[in-house]
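Below is one structure, written out as structure tokens, with a few remarks after it.
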Amino acid sequence: MERIKCTISYDGTYFYGYQIQPEKRTVQKEIEAVLEKIHKGTNVRVYASGRTDATVHAKGQVLHFDTPLSIPEDRWVAALNTMLPSDISVNLVEKVPETFHARFDVCSKEYRYRVFLAKKRDVFSRSYAYHFPYSIDLQAMQEAIPYLTGTHDFTSFCSAKTEIEDKVRTLYELELLQTDEELVFRFVGNGFLYNMVRILVGTLLDIGQHKIKPEEISRILEKKDRRHAGRTAPGHGLYLWQVNYNN
10 MERIKCTISY
20 DGTYFYGYQI
30 QPEKRTVQKE
40 IEAVLEKIHK
50 GTNVRVYASG
60 RTDATVHAKG
70 QVLHFDTPLS
80 IPEDRWVAAL
90 NTMLPSDISV
100 NLVEKVPETF
110 HARFDVCSKE
120 YRYRVFLAKK
130 RDVFSRSYAY
140 HFPYSIDLQA
150 MQEAIPYLTG
160 THDFTSFCSA
170 KTEIEDKVRT
180 LYELELLQTD
190 EELVFRFVGN
200 GFLYNMVRIL
210 VGTLLDIGQH
220 KIKPEEISRI
230 LEKKDRRHAG
240 RTAPGHGLYL
250 WQVNYNN
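According to my numbering, the residues represented by the sequence shown are 10 to 256, in order.
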């Protein structure tokens, strides 16, 4: 058996997320259906670095699967992309040791969130950026960054539905990148809780509108209560950008 690592991109617009759901179109379901065809009817389970929600995109999602087939890496790329739907693309295939795990070996992830700031909506970006046609104070948002970076209990910044007990995460980098009519939030951390990035974006936009003061972030973190943070930004502006491993 060989273990295969794939780096993939997908347009999340018409998916109900990454993970398989009954009667729903998901990224995992599409990939496993193609692998089943390649393996002549044998089910092949794929394991991803993590799940993404409905309408969330990925530029660098990573997954792995085991196969008895001996196929060169470049031919795997060609075979998968020939059979996958056009909103999923395999960018890279690597043969890795059988000890590698796409989820458990992650050392950091990068997410990006796109906000379209123009007053008029753009029909061509409506599925790929959050249209936010309001004035924002970028300086106030920048002032909030030092309160968020580092190691914290992010209970206030994740969905109340989160079942994971340990909500301590380390946010290594948080950048705001503005170009013309677009604002891009860049997050790098050792892990992210359910809806964490979207709630951080929503809270920072609230700070940009002076609904929350930058220094209030410390109090919000201390409260460990979702109700104290800002809105949850919609899924379609979010991208799983890159997954990093030690090797």
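C-beta atoms are modelled at their ideal positions from N, C-alpha and C, and glycine is treated no differently.
As the structure is a computational prediction, the values presented were derived from the model and not from experiment.
If you draw a straight line from the Cα of P77 to the Cα of I13, it is about 11 Å long. One alpha carbon belongs to K128, the other to Y137, and they sit about 17 Å apart. With contacts defined as CB atoms closer than 9 Å, R54 and F74 qualify as a contacting pair. When DSSP states are grouped into helix, strand and coil, I17 belongs to the strand group.
Under DSSP, F194 shares a beta bridge with Y122 and L185.
According to the DSSP secondary-structure assignment, A242 is paired through a beta bridge with no residue. Look at E39 here: in three-state DSSP terms it is helix. Sequence-distant Cβ neighbours of H161 in its own chain, meaning closer than 6 Å and more than five residues away, are L230.
9 Å or more divides the Cβ of R112 from the Cβ of C167.
With 16 or more neighbouring CB atoms inside 10 Å of its own CB, P223 falls in the buried class. Ranking Y19, T158, V132 and R135 by CA distance to the CA of S227 puts T158 first. Sequence-distant Cβ neighbours of I29 in its own chain, meaning closer than 8 Å and more than five residues away, are T35, Q37, K38 and E41.
Nearest to N100 by alpha-carbon distance, out of D189, G69, R195 and T164, is G69. Here Q28 carries a coil assignment [DSSP, helix/strand/coil].
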